[in-house]
Structures are given as C-alpha cells and as structure tokens.
Amino acid sequence: MASELTDEEVSILEIFKPAQKFINDLEFGSSQNDVQARLKTTIENLHAVTRMINQMQLFSSNELIDDVPTSSLPFLMVPVFLGICHENVSTAIAQRAEELTKADIYFRNYLERLIGLTLLDELAFSVKRNDCAAKSAEQIRKAKIDRHRKKKELKALEDTIKRELDAVATVDEGALRDLYMTQLLFWAERAVEEIDSNAQEIEILTVMAAEIKTGQPSRSTEKKPEATPPLVTFTLTRDVQQKNVFGKGYPSIPAMTVDEWYQKRFLGGSGEHGHAHGSSQPPQSSGPAVQGSDDESEDEDAARAKAMRWDEYKDDHRRGWGNMHNKG
Numbered sequence: 001m002a003s004e005l006t007d008e009e010v011s012i013l014e015i016f017k018p019a020q021k022f023i024n025d026l027e028f029g030s031s032q033n034d035v036q037a038r039l040k041t042t043i044e045n046l047h048a049v050t051r052m053i054n055q056m057q058l059f060s061s062n063e064l065i066d067d068v069p070t071s072s073l074p075f076l077m078v079p080v081f082l083g084i085c086h087e088n089v090s091t092a093i094a095q096r097a098e099e100l101t102k103a104d105i106y107f108r109n110y111l112e113r114l115i116g117l118t119l120l121d122e123l124a125f126s127v128k129r130n131d132c133a134a135k136s137a138e139q140i141r142k143a144k145i146d147r148h149r150k151k152k153e154l155k156a157l158e159d160t161i162k163r164e165l166d167a168v169a170t171v172d173e174g175a176l177r178d179l180y181m182t183q184l185l186f187w188a189e190r191a192v193e194e195i196d197s198n199a200q201e202i203e204i205l206t207v208m209a210a211e212i213k214t215g216q217p218s219r220s221t222e223k224k225p226e227a228t229p230p231l232v233t234f235t236l237t238r239d240v241q242q243k244n245v246f247g248k249g250y251p252s253i254p255a256m257t258v259d260e261w262y263q264k265r266f267l268g269g270s271g272e273h274g275h276a277h278g279s280s281q282p283p284q285s286s287g288p289a290v291q292g293s294d295d296e297s298e299d300e301d302a303a304r305a306k307a308m309r310w311d312e313y314k315d316d317h318r319r320g321w322g323n324m325h326n327k328g
C-alpha cells in the first residue's frame, strides 16, 4: 500500500505537481500560451520546493536510493526541471550563455545526486559527461543513437506503468515506485543530452559575443573565399561529337581531288599537261599505235575504277577502324 503523506509533503506536492505538468507539456510539444511568463512562475515554484525540501531534510548525503521513501522520489527531479526551465528562457544573445550555464549546473547537480544514491553508474555517466571535443564523430553519433533508444524505452515503460496504475482502484506502492524510478532514469538521459547540446551552443555564443565586441568576424567563423575553377571553353558541334565517337578522321585536309591525284599519279598531269609530259614526238597514226592507245585507255579506266573503289572504301572505313585488339 502507498505510504501516507504528511501535511508538509502534501503542501510540497501542491506546488510541485503543476510545475511537473508544465515541464512535461513543454518537453513533449504540447501547445503553450505565454510560455515565458509560465517559465518564470515555474522557476519560482521550484525554488520554493527546494527550500521546503531542505527545511524538511527529505534527503541525506549518506543514504542509498532504496532508503528514500517512495513519496519523496519525485522531488529528486527538481534540479533537472530547473535546468529545463532555464535553457528555455528567452533572452538576448549576451544573456543566453548565462542561462545555459545555469541549466548546465542544475543538470550536473541532478546527475551527481543520482550517482550518490547509486541509481546511476558513476563510471558510465562520468564518461558521458566528458566534453564532446574529446570524442570522435563516430563516438558522438553512437552515443546519441544509444541515448535516443534508451529514452524511447524508458518513455514506453513509463506509459505502461501509468496505464497499469490507472486500471486499479488501489495504488500499488511497488508500481508507483517503479514509475518514479523510470522517470528519474529518463530525465538522467535528458540531462546528459542537454549538457552536450548546451556546451556546443555556449561555444558558438562565445564566438558571437567576441564578434559583437570587436565588430569583426572571428577567424574561426570567417569563411574563406572558395577557389573558382577556371572556365573551360567547349564547342557543341556535330563534327566534334563525331570525332569523339569515330576518331579524328583523316590526318589532314585533302590537297586535291581524286581526279587530280589520279592524273598526277598515272598520267603525269591533267589533260594537255599529260600529253606534253608524255613525249615530244607526234602521235603515231599507224595501226599498232592505235591498238596501243586502246590498251592504255583500258588500263587507265581500270586504274580509275580501282582508285574510285579505294576512295569509297576509305569513306566507309575511317582511319583507325582496323584491328583494335592491341591498342592501349
């Protein structure tokens, strides 16, 4: 059965419960009106709860978590709630770092209190509280993933216990204690998460404050001009694209036509030049001479036809289209 609450504990709960509800609404995205005014009120109420806890001496420095009464467990979350409030206070940039520093102090106080009660493992959470700069990017990423998974599991467990408590008429103190312990562990993970996040934000704010003070950008934040790559000229033409596909084609621009080449190669010149180069003797009009002229004409026609076939072959078979097997 749940232990009976004293009048003082009831008085504390009347102040603590609204603050806890506001923090949960703020944490899990419920819409809030006049958040800043309610933050100020919640901070004042949590400070009042802290004074009442100290007056009642609810916690001792030499006790373990099992020694703490179930009814007193929720009040252990006061420091982490104060940290959440301070980091959500809207201020100017110059005062933002101060609010984050206050939040960091409350978060660390909360973790140290749970470590002192042996609810948290001192070695594990001392490693978690190290500065992010000492960790590699992969370690930071893995820690964030593990923390997110752990928070999700704890939140699901908290919801399950709440449903079980709502389903029974009489409150089971064991289930209620499990609920409070689960909430304490959840907020421990949140405290570690916020410590790492606030450390990075404070570093940025420090740089920004230095820039505002000096009026000049910091060397660490000043962007260096990026080297512009040189412009590359290009020509989108059909001939260039064909050369990229089929090769460079002929090694040079032709200096003469096929007919000119044929006449120079086989006739020694074109038309009348060929006759002048052939001989200075007058042409023979005898029968054997006419026969020889016919034979030469047939040879010329055959050579011309062969040259034309070769020219057509080269048009259809570009240079470099041969055996490609041994080419690099």
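Quick note: the sequence shown uses UniProt numbering, first residue 1, plus one each step.
Cβ coordinates follow ideal geometry from the N, Cα and C atoms, glycine included.
Please read all numbers here as calculations on a predicted model, not as lab measurements.
- Closest option to K150, judged by alpha-carbon separation, among R163, F186, A103: F186.
- One alpha carbon belongs to H86, the other to D172, and they sit about 35 Å apart.
- Annotation note: the segment 46 to 72 contains no uninterrupted alpha helix (DSSP H) run of length 4 or greater.
- Comparing C-alpha distances from I93 to each of I212, P229, A305, E260 shows the shortest one belongs to I212.
- For S197, the enclosing alpha helix (DSSP H) begins and ends at 173 to 214.
- Between the alpha carbons of K144 and L184 lies a gap of roughly 19 Å.
- In the three-state reduction of the DSSP assignment, H86 falls in the helix class, which pools H, G and I.
- Between I195 and D104, the beta carbon gap of about 6 Å places them in contact (Cβ cut-off 8 Å).
- DSSP places S11 in the helix class (H, G or I) of the three-state scheme.
- Residue range 137 to 167 is occupied by the alpha helix (DSSP H) that includes L157.
- Under the DSSP assignment, G29 falls outside any alpha helix (DSSP H); it carries neither an H nor an E label.
- The C-alpha of D299 lies about 15 Å from the C-alpha of K264.
- Distance check between I43 and each of P18, F59, D67 places P18 closest, using alpha-carbon atoms only.
- In the three-state reduction of the DSSP assignment, G268 falls in the coil class, being assigned neither a helical nor a strand state.
- Annotation for D34: no alpha helix (DSSP H) segment contains it, and DSSP assigns it neither H nor E.
- The Cβ-Cβ distance between R190 and I84 falls below 9 Å.
- Excluding its 5 nearest sequence neighbours in each direction, Q36 has C-beta neighbours in its own chain below 8 Å: V89, S90, listed in chain order.
- Within the same chain, Cβ atoms closer than 8 Å to the Cβ of V78 are found at F16, L46, V49, T50, I53, the five residues on either side in sequence being excluded.
- The criterion of a C-beta distance shorter than 9 Å is not satisfied by L76 and L26.
- Beta-carbon to beta-carbon, I204 and L100 are separated by about 11 Å, too far to satisfy the 8 Å threshold.
- Scanning its chain for C-beta atoms nearer than 8 Å, with the 5 sequence neighbours on each side dropped, one finds no residue around E153.
- With 16 or more neighbouring CB atoms inside 10 Å of its own CB, Y180 falls in the buried class.
- With the rule of 3 Cβ pairs closer than 8 Å, the segment 108 to 122 counts as touching the segment 53 to 69.
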